[in-house]
Amino acid sequence: MNIFIKNGRIIDPANNIDRIGNLYISHGKIVSLKETPEDFVADKVIDARHLIVCPGFIELSARLREPGQTQKATIASETKAAAKAGITSLCIPPDTQPIIDTPAVAELIHEKAELAHYPNIYPIAAITKQLQGKELASTYSLKQAGCIAVSQAQQPFGNVLILKRAMEYAASHDLLFIHQPLDYYLSNQGCVHDGKMATCYGLPGIPAIAETIALTQCLELSKETGCRVHFSQLSCARSVKLLKRAKSSGLAVTADVAIHQLHITEAKMPVFDSAYHVIPPFRTDDDQRALSKALANGTIDALCCDHQPHDIDAKLGAFPETEAGISGLESLLPLMLALVNEGTLVLNQGIARLTTDVANIMGLEAGTLSLGASADICIFDANKQWQLNQENWLSRGKNTPFWGQMLQGQVTHTLQTGKIIYEN
């Protein structure tokens, strides 16, 4: 299909483009951002007047719950939610059931993605067998099967030597190591920040040093092994300082922050509301300000929504007994635009942190509107207000602290490899 997108505000941070103009798509590729190509006849015209046209968003951490937990969600259900959110690529952590520690599991995910007509799903391989933190998985064969990085997800390593060996192995195969810095023992099965809420209500707390000690350890090992490391979902001010120092010393490290961390702190949490149970936990106002500043100045490289859909039962019961996580795909764009509206980011920055910056981290040929690039495109109305509710929510997981709220910013069209996969 030939598609002509006209009169939109085209924003492509990868090429420093921000202008009103037209975009032409043929055979799944972008063929022009200026004049009409020779012999081009549009099969479909999209009038994007007063709308933003940008690269499709790339989500760094999306648990689709398949294989293994289809009572929570499926690849089919969550890719529909992703399409509605303008997300055209999804990176999948390895803690599926079964674990992504064999090529067969990676291939199964690719097959499920094709059946869902959403091919841009990128598995992340487990760095240890069964994520048990003891014996290294065969990451080379997993790379051959299409895994784009390695990770231990939220599971601990048996000891520091195994972590070192894992990083050496990743470096030897030129694989990015994605690490969520959280010391298992210092976390002590906590569920909130080790601060005022933990003290006042007797909840087990996770101190900030559980993150910073794990981060420092991995930074030192990165120097030793030469491993490229991406730190997933930082949550505190001290981590920002450590990351900035590491980058200034030339270490090949990057980081992201979950977008809900930039809108909620422990002071804004309703008591015992399990929708606010996340790992890492919501921390202090000072931590939030440091994270926002770091995202703006590039110390933190990217945004994610850390999508974790749950069924109702997973969020019932006493707060510490509920499962952590937010279903976040469909609130990603409005929460990013809220950062723009409050002055934390400018619009080009916000789009970059969800597109080209993520693509650069993960080594993906995506996140750009360059000529010849795959036509993965999001078109959205930055001013459209809508209420997040049952009528417009596609994810199987309803576990979000933003339920019922009025949000601003809505996707009108999502294109993946030149095919319209969502249209409002």
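Here the sequence shown stands for residues 1230 to 1653, numbered as in my numbering.
Don't be surprised by glycine CBs; every beta carbon is placed ideally from N, CA and C.
Small disclaimer: the values here were computed from a predicted structure and weren't measured.
- Remark: C-beta atoms of His1402 and Tyr1369 approach each other more closely than 8 Å.
- By a beta-carbon distance limit of 8 Å, Ile1493 contacts Tyr1505. Their separation comes to about 7 Å.
- In the structure shown, Thr1585 falls within a helical segment according to DSSP collapsed to helix, strand and coil.
- As the crow flies, the alpha-carbon of Ala1439 is around 45 Å from that of Leu1600.
- DSSP places Ala1400 in the helix class (H, G or I) of the three-state scheme.
- Straight-line measurement puts the Cα of Glu1449 at about 41 Å from the Cα of Trp1632.
- DSSP, read as helix, strand or coil, puts Ile1435 in strand.
- Pairing Ala1291 with Glu1559, the inter-Cα distance amounts to about 12 Å.
- Of all C-beta pairs linking the region 1268-1278 to the region 1568-1578, fewer than three are shorter than 8 Å, placing the two stretches out of contact.
- In this structure, Thr1441 sits near Cys1465, with a CB-CB distance shorter than 8 Å.
- Minimum Cα-Cα distance from Ala1443 among the listed residues Arg1457, His1422, Ser1468 and Asp1423 corresponds to Ser1468.
- Ile1555 is positioned such that its CB atom lies closer than 8 Å to that of Asn1628.
- With fewer than 16 other beta carbons inside 10 angstroms of its own, Val1575 counts as exposed.
- Excluding sequence positions up to five before and after Gly1375, its CB lies within less than 7 Å of the CB of Ala1335, His1339 and Pro1352, all in the same chain and listed in chain order.
- In the three-state reduction of the DSSP assignment, Ile1580 falls in the helix class, which pools H, G and I.
- Inclusion of Ala1531 and Asp1485 in the CB contact set at 8 Å is warranted, their separation being smaller than that value.
- Asn1349 counts as buried, since no fewer than 16 other beta carbons sit within 10 angstroms of its beta carbon.
- Judged by pairs of C-beta atoms under 8 Å, the region 1419-1435 does not touch the region 1381-1399, as fewer than three such pairs exist.
- Here DSSP, grouped into helix, strand and coil, assigns His1339 to helix.
- Counting only runs of 3+ residues, the beta strand (DSSP E) found wholly inside the region 1247-1311 occupies 1258-1261, 1273-1276, 1281-1284 and 1286-1288, in chain order.
- Ala1525 is positioned such that its CB atom lies no closer than 8 Å to that of Gln1462.
- The secondary-structure analysis by DSSP pairs Cys1320 across a beta bridge with Tyr1351.
- Here the alpha carbon of Phe1460 sits roughly 18 Å from the alpha carbon of Arg1394.
- For secondary structure counted as the alpha helix (DSSP H) over 4 or more consecutive residues, the region 1360-1413 holds these complete runs in sequence order: 1368-1373 and 1389-1401.
- The region 1283-1302 makes contact with the region 1589-1599: 3 or more CB pairs, one atom from each, lie closer than 8 Å.
- When secondary structure is reduced to three states using DSSP, Asn1612 falls in the strand class.
- For Asp1530, there is no enclosing beta strand (DSSP E), since its DSSP letter is neither H nor E.
- For Tyr1430, the number of other beta carbons within 10 angstroms of its own is below 16, and it is reported as exposed.
- A direct Cα-Cα distance of roughly 15 Å separates Gly1434 from Ser1503.
- Ala1354 sits close to Ile1329, with the two beta carbons spaced by under 8 Å.
- The beta carbon of Pro1510 sits closer than 6 Å to the beta carbons of Val1421, His1422 and Ile1435 from its chain, once the five residues preceding and following it are set aside; these are given in chain order.
- Just measuring C-alpha positions, the residue of Thr1445, Leu1562 and Glu1552 sitting nearest Leu1480 is Thr1445.
- One thing to note: Thr1317 has its Cβ within 8 Å of the Cβ of Thr1643.
- Apart from the 5 residues on each side of it in sequence, Ala1243 sits with its Cβ closer than 6 Å to the Cβ of Thr1585 and Thr1597 in its chain, given in chain order.
- By the neighbour-count criterion, in which 16 or more other beta carbons inside 10 Å mark a residue as buried, Gln1517 falls on the buried side.
- Rounded to whole angstroms, the separation of the alpha carbons of Leu1252 and Lys1263 is 7 Å.
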